[in-house]
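Working notes for the structure below.
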Amino acid sequence: MQTDNIKRLRQNSPLIHNITNIVVANYVANGLLSMGCSPIMSNAIEEMDELPAICQALVINIGTLTSEQVKSMIKAGKSANKNNIPVVLDPVGVGATSFRKQTVQTLLKEIKFDLIRGNAGEIAHLAQVNWKAKGVDAGSGEANFSQIAKDVALKYDCIVSISGEIDYISDGLKVAKIDNGTTLFPKITGSGCLLSAVCGAFLTLGENSFELTVSACTSYAIAGQIVKEQLNDNQTGQFYIALLDSLAKLDDTTVEKYAKISFE
Amino acid sequence: MQTDNIKRLRQNSPLIHNITNIVVANYVANGLLSMGCSPIMSNAIEEMDELPAICQALVINIGTLTSEQVKSMIKAGKSANKNNIPVVLDPVGVGATSFRKQTVQTLLKEIKFDLIRGNAGEIAHLAQVNWKAKGVDAGSGEANFSQIAKDVALKYDCIVSISGEIDYISDGLKVAKIDNGTTLFPKITGSGCLLSAVCGAFLTLGENSFELTVSACTSYAIAGQIVKEQLNDNQTGQFYIALLDSLAKLDDTTVEKYAKISFE
Amino acid sequence: MQTDNIKRLRQNSPLIHNITNIVVANYVANGLLSMGCSPIMSNAIEEMDELPAICQALVINIGTLTSEQVKSMIKAGKSANKNNIPVVLDPVGVGATSFRKQTVQTLLKEIKFDLIRGNAGEIAHLAQVNWKAKGVDAGSGEANFSQIAKDVALKYDCIVSISGEIDYISDGLKVAKIDNGTTLFPKITGSGCLLSAVCGAFLTLGENSFELTVSACTSYAIAGQIVKEQLNDNQTGQFYIALLDSLAKLDDTTVEKYAKISFE
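Protein chains in written order, with my numbering: chain R, 299 to 562; chain H, 299 to 562; chain W, 299 to 562.
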């Protein structure tokens, strides 16, 4: 793996188009800025052709989906595909309602995604594995995540990343396991949404989407891990803010030092 | 009153459906997570039947109302009533515009609410008492809050909670006064909106809505009071974040120790 | 210049109507509260006549523009003009897409603005000067900002404020340069959006829009400068929150002490 991704990201400072939800729009923007990127948030159908043409990546997040937004997502996704920029799907709470299920199926049919990133409940739903998801939260169950990641990656011909205490990332053949989890991530809103955007940013760095996704997820997990070293499990508010500082401070040397990645 | 509400809330970890405004969606989600609950934010008409069927409470907040949202609120409210889950109304700035006045009247006609929670200006408006509200802020005036809380509770056959330096909660017969106010609450946005969501979460704990609302409002006020002990009146940003930590740390023993509740 | 603007602002506590974007609605509300003002956020067409009639200023921000919002902006702007309250335009990312360009032209034709406040890229676009803007970020280039501020002020018969390391403010004749910049402002989202709202608040203090805009921009820059004295360039999250505290603590004496203003 290349070991200068964060450095290159800060140098390139890519412009990232986010179609995202009203809950995390602010946090995702601040997180991308902390990583040295330029975020632009827009849902307006009038801008969906042009923005992917001037941006370096598109991140689609269905957290507070509306029917208007679905149209915008499709238009932007097609423009992104035409402009050959990476497209990330964050299928927030996909199993929770019919609307989310149908929308994700439509998006996966109409748009070629480079990466699908979600929590265990969301990706298990896409794999049609039995799992007890809980709204937009991961939920609980027993499952073979390596297999699920592989299956969904093969099914949709893209990288798949399952975030949790351990992250599982697959391109359909290989699976990377990242063991840098932090208990505080599920206690704040938008930690997954921001990671999806960070993945989109890393995917602008080159062609090797699998390695770049592993690099993005490892870097992000470590930024959280470093903060957690100084906090207890109740300091959810402090974690929320300190994570931004940690992302702003993170460098490749630190990531290399902390990273616990294994391959299957 | 039961003295293990916070413990039970963290154990049950209810899923709370919020139809809320773009200003506080993030803070309400983080606050509910800090209390051990799972928030889901959604306004989409397509989801308004299904979400209340999988959630344990519905919280309706009119802070940045749109005509589309009104339709969603009614549909979700009816589904919540059908599914017998508690429904909370936060009539943000109800007196400020005709649109808000009419919408609240429509909501109160179409939906059976378990609780209406607002500031002095909002509840005084519902009681048709003369009061100088100020946009979405409480405003000022002279009024008998105990009587207002009682009157509105009787009028709409639900619990009413008036938040302020002193909280007044009534079921139409009894009135509880909570004297754990904190000067910093009105200096941050969404402190009332988050309290409404926390009340919705507490209402999932049983049938006694009056006691559970008193418990929710007392717990929340005390979380703020504890933070305020270490801050001065200018530290609005610190208060905003530390309140999340305080909610995450709060337990029943602490609430019992600090609580100043009297009944009329 | 009057040296009691902050004091008067906290005394008057004006109600400020914001038509703003989903990214910064929360931060702008908290920032205005920290300055002692009362924010109200609303996009609903149903409220656009009434709100400017009860508010003391209107701030229009196109950050996450929708076609529905454009209609609301025009209606609110006309009502604000009729009610003689100051109107501020924040043309976020105006050069990024045709939709933003056309909307800003429409707004400038339909509404009489008292102030246009933006970053270098945005105001350069309005001056039709060659500049490499980057999405909603300032971008880079060489330009005579004093001249640009003057030109745009003359063209639209209003005050123009260009925010950056140095702020340039013009009424078309005079130009004020404020040299109180802070490197952390461009690293957080919404720092410009909040400044636009703060300018709107200051404009409620009297008729001299040029001096009041200079006062607002100087005060805001200094609030950031004071925070930055205790932080390094990586502490973006801390800066985000501490800026609210700093705005809440700021007084006229401190502003007078720090201010570096020169006139051309």
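Each residue gets a CB set at the ideal place from its N, CA and C atoms; glycine is no exception.
(request) Measure the alpha-carbon distance for S489(H) versus N328(W) and round it to whole angstroms. (result) 11 Å
(message) Mapping the DSSP letters down to three states, classify L313(R) as helix, strand or coil.
(response) strand
(message) Taking the straight line between their C-alpha atoms, what separation do you get for T534(R) and L349(W)?
(response) 36 Å
(request) Tell me, please, whether the stretch 458 to 473 of chain W touches the stretch 391 to 403 of chain W by the rule of three or more beta-carbon pairs shorter than 8 Å. (result) no
(message) Residues of the stretch 514 to 548 of chain W in Cβ contact with chain A at a cutoff of 7 Å, in chain order, please.
(response) Among the protein chains in the structure shown, which are R, H and W, there is no chain A.
(message) Once DSSP output is grouped into helix, strand and coil, what is the label at N382(R)?
(response) coil
(request) May I ask you to report which of helix, strand or coil DSSP gives D550(W)? (result) helix
(message) I'd like to check one pair, L413(W) with Q354(W): are the Cβ atoms closer than 7 Å?
(response) no
(request) Give a yes or no on whether the C-beta atoms belonging to E344(W) and I372(W) are separated by under 7 Å. (result) no
(message) Taking beta-carbon pairs under 8 Å, can you tell me which members of the stretch 325 to 340 of chain R lie near chain W?
(response) A327, N328, L331, S332, S336, P337, I338, M339 and S340
(message) Does A441(H) come out as helix, strand or coil in the three-state DSSP assignment?
(response) coil
(message) For G462(R) and S311(R), what's the separation of their Cα atoms in angstroms?
(response) 27 Å
(message) Would A378(H) and L356(H) be called neighbours here (beta carbons separated by less than 7 Å)?
(response) yes
(request) Just the chain R side, please: which residues come within less than 7 Å of F397(W) by C-beta, in chain order? (result) A342, E344 and E345
(request) Keeping to the same chain, check which residues put their C-beta closer than 7 Å to that of S517(H); ignore five residues upstream and five downstream. (result) I304, L548 and V553
(message) Short of 7 Å in beta carbon distance, which residues of its chain neighbour T301(H), apart from the five on each side in sequence? Order them along the chain.
(response) D550 and E554
(message) Run through the DSSP bridge pairs and tell me what V458(H) is partnered with.
(response) I414(H) and S468(H)
(message) Taking 7 Å as the threshold (C-beta atoms), are L387(W) and I421(W) in contact?
(response) no
(message) Would you say E348(H) lies against chain R (beta-carbon separation less than 7 Å)?
(response) yes
(request) Look at L503(W) and R308(W) and say whether their C-beta atoms are less than 7 Å apart. (result) no
(message) The beta strand (DSSP E) that contains L356(H), what's its start and end?
(response) A355 to N359
(request) Give me the Cα-Cα distance between Q400(W) and G437(R), rounded to the nearest whole angstrom. (result) 46 Å
(request) Starting from F561(H), follow the beta strand (DSSP E) in both directions and report where the run begins and ends. (result) I559 to F561
(message) What residue range does the beta strand (DSSP E) around V496(H) cover?
(response) Element bounds for V496(H): not the beta strand (DSSP E) but the alpha helix (DSSP H), S489 to L501.
(request) Tell me whether the beta-carbon of G375(R) lies closer than 7 Å to the beta-carbon of V385(R). (result) yes
(request) Compare the C-beta of A499(H) with all C-beta atoms of chain R and state if any pair is closer than 7 Å. (result) no
(message) What does the alpha-carbon distance come out to for the pair A431(H) and V326(W)?
(response) 21 Å
(message) Strictly under 7 Å for the Cβ-Cβ distance: is I460(R) near chain W by that measure?
(response) no
(request) State the beta-bridge partners of L330(W) as determined by DSSP. (result) Bridge partners of L330(W): none, in fact.
(request) Give the secondary structure of I476(W) by DSSP, where H, G and I count as helix, E and B as strand, and everything else as coil. (result) strand
(message) What does the alpha-carbon distance come out to for the pair I539(H) and L331(W)?
(response) 15 Å
(message) Can you pull the chain R neighbours of T551(W), defined as C-beta to C-beta under 9 Å?
(response) Chain R residues near T551(W): none, gap ~30 Å exceeds 9 Å.
(message) Tell me whether V385(R), by its Cβ, gets closer than 6 Å to a heavy atom of the ligand GDP.
(response) For the structure depicted, the ligand GDP is absent and the ligand set is empty, with no information on it obtainable.
(message) Given a cut-off of 7 Å on the beta-carbon distance, is the pair A342(R) and N381(R) in contact?
(response) no
(message) On the DSSP bridge list, what partners appear for M339(H)?
(response) N316(H)
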